[in-house]
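Trainee:
In our numbering, the protein residues as written are 4 to 130.
Given below as structure tokens:
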């Protein structure tokens with residue numbers, strides 16, 4: 004049995020926040036490293052997260068909901084992206100990479116949690 008529509012929208016909005024937090028975190032990382040390969044990689048990941056968020060936002064609209072447009076401060080703190088700023092300030096590329104990994108670990112957990120719910124098939128395919 005699938006979950007009610009409002010719960011599906013809430014789940015998708017949580018993932019949108021996750022993607023927006025990742026987008027912002029990777030952008031911050033790209034701006035904070037000197038290595039050109041890392042800059043390119045982090046910028047690519049940031050753009051990818053923006054695309055993921057846009058796909059999820061479209062699905063929320065299709066379901067009749069109001070999609071999240073940004074990550075939230077609470078979500079940022081929860082997902083660990085806030086610490087990337089302190090890592091970038093020190094220009095320690097290893098610390099920046101570690102913070103990106105930490106943020107991604109949190110994102111993976113959020114996606115796994117979403118997949119563990121009984122999402123409708125057409126939504127589950129997107130997630």
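Using N, Cα and C, we set each Cβ at its ideal position, and we do this for glycine too.
1. Beta-carbon within less than 7 Å of residue 3's beta-carbon, same chain only, minus the 5 sequence neighbours each way: which residues are those?
2. Beta-carbon within less than 7 Å of residue 41's beta-carbon, same chain only, minus the 5 sequence neighbours each way: which residues are those?
3. Just the C-alpha distance for residue 123 and residue 25, rounded to the nearest angstrom, thanks.
4. Short of 7 Å in beta carbon distance, which residues of its chain neighbour residue 68, apart from the five on each side in sequence? Order them along the chain.
5. Could you give the C-beta distance for residue 19 and residue 70, rounded to a whole number, given that I count them as a contact under 8 Å?
6. Does DSSP put residue 6 in a helix, in a strand, or in coil?
7. Is the beta carbon of residue 14 sitting closer than 8 Å to the one on residue 119?
8. Tell me whether residue 113 is buried or exposed, calling it buried when 16 or more other Cβ atoms sit within 10 Å of its Cβ.
9. I need the boundaries of the alpha helix (DSSP H) containing residue 37, first residue and last residue.
10. Since residue 109 is in the alpha helix (DSSP H), which residue starts that stretch and which ends it?
11. In three-state terms, what does DSSP make of residue 63?
12. Count the other C-beta atoms from every protein chain shown that fall within 10 angstroms of the C-beta of residue 111, then say buried if there are 16 or more, exposed otherwise.
Mentor: In short:
1. Past the boundaries of the shown model lies residue 3; the chain is included only from 4 to 130, so the question cannot be answered.
2. Here residue 41 refers to the residue found at position 38 when the chain shown is read from its first residue. For residue 41, where only same-chain residues beyond five positions count, the Cβ hits under 7 Å are 96.
3. If you number the chain shown from 1, residue 123 lands on position 120. If you number the chain shown from 1, residue 25 lands on position 22. For residue 123 and residue 25, the distance between alpha carbons rounds to 25 Å.
4. Here residue 68 refers to the residue found at position 65 when the chain shown is read from its first residue. The residues are 12.
5. For the purposes of this step, residue 19 is taken as the residue at position 16 of the chain shown. For the purposes of this step, residue 70 is taken as the residue at position 67 of the chain shown. Right, the Cβ-Cβ distance comes to about 6 Å (below 8 Å), so this counts as a contact.
6. Residue 6 sits at position 3 when you count from the first residue of the chain shown. In the three-state reduction of the DSSP assignment, residue 6 falls in the coil class.
7. Along the chain shown, one-based indexing puts residue 14 at 11. Along the chain shown, one-based indexing puts residue 119 at 116. Taking 8 Å as the Cβ cut-off, residue 14 and residue 119 do not qualify as a contacting pair.
8. For the purposes of this step, residue 113 is taken as residue 110 along the chain shown, with counting starting at 1. Under this definition residue 113 is a buried residue.
9. Indexing the chain shown from 1 puts residue 37 at position 34. According to the DSSP assignment, residue 37 belongs to no alpha helix (DSSP H), since it is labelled neither H nor E.
10. Taking the first residue of the chain shown as position 1, residue 109 is located at position 106. It spans 96-119 - the alpha helix (DSSP H) in which residue 109 sits, taken as one unbroken run.
11. Position 60 of the chain shown holds residue 63. Reduced to three states, the DSSP call for residue 63 is helix.
12. Residue mapping note: residue 111 aligns to position 108 of the chain shown, counting from 1. That one is exposed.
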